[in-house]
Amino acid sequence: MSVKVDLETNFAECVLNVGKVILGNKQRNDMKPQLQKKQNKIIMNAICALLNSGGGVVKAEIENKDYNYKIHGVGLKMPSIFKGYLDEMQQGDLFFIFVKSWNAEASGVRLATLSSNLYHRYRASTDVMNSQEALAFLKGRTQTLVNTNDSSSLSPQKVRAGVQDDGNIRASAAALFARTHLQFLEELNFTTSLHVEFKMFSTEVSQCFNESLPSCVSAFANTEGGYIFFGVCDETKQVIGCEKEKVDLVALPHFIDCCIRKLPVHHFCTQRHEIKYAVKFLEVHNKGALHGYVCAIKVERFCCAVFAKVPSSWQVKDNRVKQLVTKEWIAWMMEADPDLSRFSEMVLALSLSSSTPRSRTVCTHKNFECLKEQQKRYFPEKEMHMSNELMKRCSSHQQ
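The UniProt record's numbering puts the first residue of the sequence shown at 1, with every later residue one more than the last.
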């Protein structure tokens, strides 16, 4: 199942064919979760691509033949950003989703994005930024280059809201990071915070790092740095560790390094630093014997922006649905109208902030007539008055 541009269509708009889809609230709930997620993702990507490409139509072939739109509903999990942009229609065994063009003025951002994949720490949580937060963060990072005394592009009041004695917690975390061994079920004297995260190991150690590291590293690097302790229970603050038989002290550090090094980064500065971090495996002892290890990772604050993965934003280009690369997404999101302060004779006729994604800034000379004024001058509206006699003649002629 993949998205294809339908070049043989009766619609004037761009049509994206997503293939066969099971529809209906109950029918989709009964699906295998993996297939349901796959179908939903493909349709969401297609809608996102049309939003960023002037609008169009998503066409799907209904796989369940007894489906009725009015009775069964759709069953697709639509993100909130799609609200107000979609219309739906069933035509036989085909289902159409009509997509309007993205409205930058209404949303406050230039692009429709399913996920920025840009994370930050808020209180004691790792949260993904929405598009508006991501744009503010990126603008803040560029301003930090001007003001090097800025400790964070995020508001200190916001990132520290509800966090008490965080400096003491950070000092305790640094002391724990400096230790060489811990005791099994030892209860730590600090909790998770803006700068500290506790994680438990899943059954598969490498899978645990693969799933958790990208978002955690992105969040700490984009905020103020901090510590991640794998093998400590978040609820009890007890040291559990990972069994020694499951930890390969040669291969695992290399695997962690690969996970972090492949994270997309974007620089606004010229120094182009890499993500700075340190990894330690702290021995966990139980009754004098080695039980396992706690993996401690220290992440430094990054100079610019660290993504967990490439932003999930799509477009239709060259008759294909393509995902925007990180650099392209940032440039498009941050594109602004030109500064006209040095050109006093020019005025802004169309702003990027009040247009569609494909629109460009339009500037005109301040002495030039605007389009509406030209229309009035060259095509003046003339009122038509029809006498009763003329109306009677027209009426009799039609008869």
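No residue lacks a Cβ here, since even glycine has one placed at the ideal position from N, Cα and C.
Values in this document were obtained by computation on a predicted structure and should not be read as measured data.
| Asked | Found |
| --- | --- |
| Nearest-angstrom Cβ-Cβ length linking residue 316 and residue 49, presumed shorter than 8 Å | 5 Å |
| Three-state class that DSSP yields for residue 243 in the structure shown | strand |
| Exposure of residue 242, with buried meaning 16 or more beta-carbon neighbours within 10 Å | buried |
| Same chain, Cβ closer than 8 Å to residue 148, five either side skipped, listed in chain order | Note that residue 148 scores 48 on pLDDT, short of 50, meaning its location in the model is unreliable; the coordinates nonetheless yield the value given after this. Nothing meets the Cβ criterion. |
| Buried versus exposed, by CB contacts within 10 Å (16 or more), residue 16 | buried |
| Three-state secondary structure (DSSP) of residue 227 | strand |
| Inter-stretch contact (C-beta, 8 Å, three-pair minimum) for the segment 193-212 and the segment 307-321 | no |
| Start and end residues, beta strand (DSSP E) containing residue 314 | 314-317 |
| For residue 35, three-class secondary structure by DSSP | helix |
| Separation of residue 244 from residue 108, as counted between CA atoms | 51 Å |
| For residue 40, three-class secondary structure by DSSP | helix |
| Presumed contact (8 Å Cβ cut-off) between residue 111 and residue 313, rounded CB distance | 6 Å |
| Proximal residues to residue 326 (C-beta, below 7 Å), its chain only, five neighbours per side dropped | 264, 266, 307, 310, 311 |
| Nearest candidate by alpha-carbon position, reference residue 25, set 31, 60, 73 | 73 |
| Alpha-carbon spacing of residue 375 relative to residue 381, whole angstroms | 9 Å |
| Cβ-based neighbour list, residue 201, same chain, cut-off 7 Å, excluding 5 preceding and 5 following | 208, 230, 231, 242 |
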